[in-house]
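**Q**
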Amino acid sequence: MAPSSHDPPQKSDEEKRRSVKAAFASRFGFKKKSSLELNVPSKYFRFDQYPEYQELKQKLDIGVKLQIRNPFFAVHEQVSTEKTVIEGKICDNYACYNYLGMSGDPTVSQAAKEAIDNYGTSASSSRIQAGGIPLHRELEMIIAEMIGVDDCHIFVAGFSTNVTTIGHLFGPKDLILYDALSHNSVIQGCILSGARRLPFPHSDWATLEELLKAERTDYERVLIVVEGVYGMDGDIPDLPGLIEIKKKYKTFLMIDEAHSMGTIGQRGCGIREYFNIDPHDVDIWMGTLSKSFASCGGYIAGDPALIEYLKYTVPGSVYSVGLSPPDTASALAAIRLMLAEPERVDTLHKNAQLFLDLAKAKGLDTGLSHDTPVIPIIVRSSLQTVRMAQALFEQNIIAQPVLPPGVEENATRLRFFVTSLHTEDQISRTIDRIADIFHKI
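When we follow this note's numbering, the leftmost residue of the sequence shown carries the number 25, and every step to the right adds one.
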């Protein structure tokens with residue numbers, strides 16, 4: 025129908041946009057400012073002016089001035105096992121957590137290659153949106169069986185497993201109590217949840233119980249989080265005692281087994297096997313696939329209701345791609361190999377104990393480490409720790425320094441990961457060199 029002479033003139037698109045913008049500005053009281061009126065310090069819109077970045081640069085520049093090699097972001101030029109090549113040097117390697125030698129094992133590598141041939145290199149979708157492959161469920165069921173629980177759900181990264189699970193299951197009406205030495209992923213998950221969070225001194229069950237006595241009735245759900253093996257200190261919590269507290273105060277209990285699965289227990293089945301406890305006494309079993317199991321990813325195992333709820337609702341899975349076929353296959357093959365070849369775990373235990381015994385015999389401070397392949401040599405000075413790392417590298421030994429904020433300044437250390445592939449001669453030679461350098465520096 026043609027417009028009549030009485031119809032109002034039609035506005036152009038540009039006029040409509042101006043009209044809407046003017047109405048919006050009028051309603052919300054916006055005032056037009058020219059760019060000349062803006063006086064924003066550059067540190068608020070330039071990354072190179074970030075105060076935090078400037079602080080980092082100062083620390084890195086100190087190393088340059090002191091002619092200390094930067095030990096971080098080292099590049100391995102071959103498979104990282106008990107030996108590696110960095111900057112063209114063949115080194116004894118204590119910087120990787122390939123605990124059972126699964127990464128680089130021909131059986132594990134072949135499984136990954138076959139998975140690529142059968143399913144490609146990516147799941148190409150979240151699992152809830154048809155990104156699943158048969159290997160996903162095979163991996164989940166073997167993990168659940170290994171722990172002794174009913175079901176399991178895998179994620180694409182260990183860090184995000186903690187963050188998204190804790191952040192999703194708990195909220196502002198809840199309380200989370202976590203060991204003060206817990207991994208950053210646990211703390212980030214607590215922050216995301218919005219729950220009240222209280223750290224307790226490392227493995228101090230008396231203080232934990234005092235906190236529960238004072239706080240439990242003020243909250244709906246309460247979660248206690250500890251690690252199976254502490255990745256900085258190499259010690260193991262008293263899980264049976266913790267379970268008693270958990271039952272007494274009717275809380276949830278979560279164990280982060282990133283460093284304990286594959287490394288402790290007679291068959292490498294983690295802290296549950298180490299203490300021979302009923303796995304159903306722990307509500308949330310968390311672990312990673314990137315350490316003992318030569319892959320990448322994480323998992324949550326436990327009660328069927330927990331796993332079903334996570335599968336359909338947890339953001340880190342629903343809105344993330346499924347674990348890649350080669351990663352899934354390599355983890356599955358590594359677990360099967362560990363269970364089929366118990367001598368790997370046995371050798372790991374013997375190597376770790378040898379390293380610890382020799383270090384103590386040389387008067388080196390190994391902190392709390394016991395019964396695990398995570399062994400720190402505590403130095404208590406950032407500068408001296410970095411100097412020790414450089415001196416060891418010059419003697420073809422790789423061990424990474426751990427500095428603030430990872431630990432306090434009076435707890436700085438070199439951290440050694442022992443594997444089943446290290447030899448007795450290699451370990452003995454390493455300890456001799458560590459002791460010599462430590463006493464010189």
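Positions of the beta carbon are idealized from the N, C-alpha and C atoms, including for glycine.
Pull up the DSSP beta-bridge partners for Met-310, would you.
**A** Within the sequence shown, residue 310 is the residue found at index 286, counting from 1. Paired residues: Asp-280 and Ile-324.
**Q** Let me know if Lys-89 comes out buried or exposed under the rule of 16 or more other beta-carbons within 10 Å of its beta-carbon.
**A** In the sequence shown, counting from the first residue as 1, residue 89 sits at position 65. So Lys-89 ends up on the exposed side.
**Q** Going by DSSP, name the residue or residues bridged to His-100.
**A** Looking up residue 100 in the sequence shown gives position 76. Paired residues: Ile-110.
**Q** Taking 8 Å as the cut-off, decide whether the C-beta atoms of Glu-244 and Lys-197 are in contact.
**A** Translated into positions along the sequence shown, residue 244 becomes position 220. Translated into positions along the sequence shown, residue 197 becomes position 173. For Glu-244 and Lys-197, yes; Cβs fall inside 8 Å.
**Q** Thinking C-beta only, is Ile-422 closer than 8 Å to Asp-116?
**A** For the purposes of this step, residue 116 is taken as residue 92 along the sequence shown, with counting starting at 1. For the purposes of this step, residue 422 is taken as residue 398 along the sequence shown, with counting starting at 1. Yes.
**Q** Under 8 Å by Cβ, that's how I've got Pro-328 and Asp-175 pegged, so tell me the actual separation to the nearest angstrom.
**A** Translated into the one-based positions of the sequence shown, residue 328 becomes position 304. Translated into the one-based positions of the sequence shown, residue 175 becomes position 151. Rounded, the Cβ-Cβ distance is 5 Å, consistent with contact.
**Q** Looking at the structure shown, is Glu-239 part of a helix, part of a strand, or coil, going by DSSP?
**A** Counted from its first residue, the sequence shown places residue 239 at position 215. Here Glu-239 sits in helix by DSSP.
**Q** Using the Cα positions of Arg-220 and Arg-360, report the straight-line distance between them to the nearest angstrom.
**A** Your numbering for residue 220 matches position 196 in the sequence shown. Your numbering for residue 360 matches position 336 in the sequence shown. Their Cα atoms are separated by approximately 40 Å.
**Q** Hey, how far is the Cα of Gly-191 from the Cα of Asp-259?
**A** As a first step, residue 191 must be located in the sequence shown, where it is residue number 167. As a first step, residue 259 must be located in the sequence shown, where it is residue number 235. Going by the C-alpha atoms only, they are around 26 Å apart.
**Q** Determine contact between the stretch 350-367 and the stretch 413-429, defined as no fewer than three beta-carbon pairs at a distance below 8 Å.
**A** no
**Q** Is it buried or exposed for Glu-297, if we count other Cβ within 10 angstroms and need 16 for buried?
**A** As a working mapping, residue 297 is identified with position 273 in the sequence shown. The residue in question, Glu-297, is buried, as its Cβ has 16 or more Cβ neighbours within 10 Å.
**Q** So what does DSSP say about Val-442, is it helix, strand or coil?
**A** Here the question's residue 442 lines up with position 418 in the sequence shown. Three-state result, Val-442: coil.
**Q** Can you tell me which of the three DSSP states Gln-91 falls into?
**A** On the sequence shown, position 67 is the one that residue 91 refers to. If DSSP states are grouped into helix, strand and coil, Gln-91 belongs with coil.
**Q** Expressed to the nearest angstrom, what Euclidean distance is found between the alpha-carbon atoms of Ile-331 and His-177?
**A** Locating residue 331 in the sequence shown gives position 307, where the first residue counts as 1. Locating residue 177 in the sequence shown gives position 153, where the first residue counts as 1. Using only the alpha carbons, I get a separation of about 6 Å.
**Q** What does a CB cutoff of less than 6 Å around Ser-149 pick up in its chain, not counting 5 residues either side in sequence?
**A** As a working note, residue 149 is residue 125 in the sequence shown. Within the same chain, Ser-149 has close Cβ partners Gly-155.
**Q** Tell whether a beta-carbon distance below 8 Å holds between Glu-281 and Gly-311.
**A** Position 257 of the sequence shown, counted from the first residue, corresponds to residue 281. Position 287 of the sequence shown, counted from the first residue, corresponds to residue 311. In this structure, Glu-281 sits near Gly-311, with a CB-CB distance shorter than 8 Å.
**Q** If I measure Cβ to Cβ from Arg-453 and keep anything under 8 Å in the same chain, skipping five residues before and after, which residues do I get?
**A** Within the sequence shown, residue 453 is the residue found at index 429, counting from 1. Result list for Arg-453: Asp-116, in chain order.
**Q** Label Ala-385 either buried or exposed according to how many other C-beta atoms from any shown protein chain fall within 10 Å of its C-beta, with 16 as the threshold for buried.
**A** Stepping through the sequence shown from its first residue, residue 385 is reached at position 361. When all chains shown are included, Ala-385 counts as exposed.
**Q** Would you kindly report the start and end of the unbroken beta strand (DSSP E) that includes Glu-251?
**A** Taking the sequence shown and counting its residues from 1, the one referred to as residue 251 is at position 227. Unbroken beta strand (DSSP E) run through Glu-251: 246-251.
**Q** Below 6 Å CB to CB, which residues in the same chain sit around Val-180 once its five sequence neighbours on both sides are set aside?
**A** Mapped onto the sequence shown, residue 180 falls at position 156. Gly-321, Ser-344 and Leu-347.
**Q** At what residues does the beta strand (DSSP E) containing Pro-223 begin and finish?
**A** Here the question's residue 223 lines up with position 199 in the sequence shown. Residues 220-224.
**Q** Within the continuous alpha helix (DSSP H) that includes Val-398, where are the two ends?
**A** Taking the sequence shown and counting its residues from 1, the one referred to as residue 398 is at position 374. Per DSSP, Val-398 lies in no alpha helix (DSSP H) segment; the continuous beta strand (DSSP E) that holds it begins and ends at 398-402.
**Q** What did DSSP end up calling Ile-260 once you bin it into helix, strand or coil?
**A** In the sequence shown, the residue the question calls residue 260 occupies position 236. Reduced to three states, the DSSP call for Ile-260 is coil.
**Q** Go ahead and pull the three-state DSSP assignment for Val-342.
**A** Within the sequence shown, residue 342 is the residue found at index 318, counting from 1. Val-342: helix per DSSP, three-state reduction.
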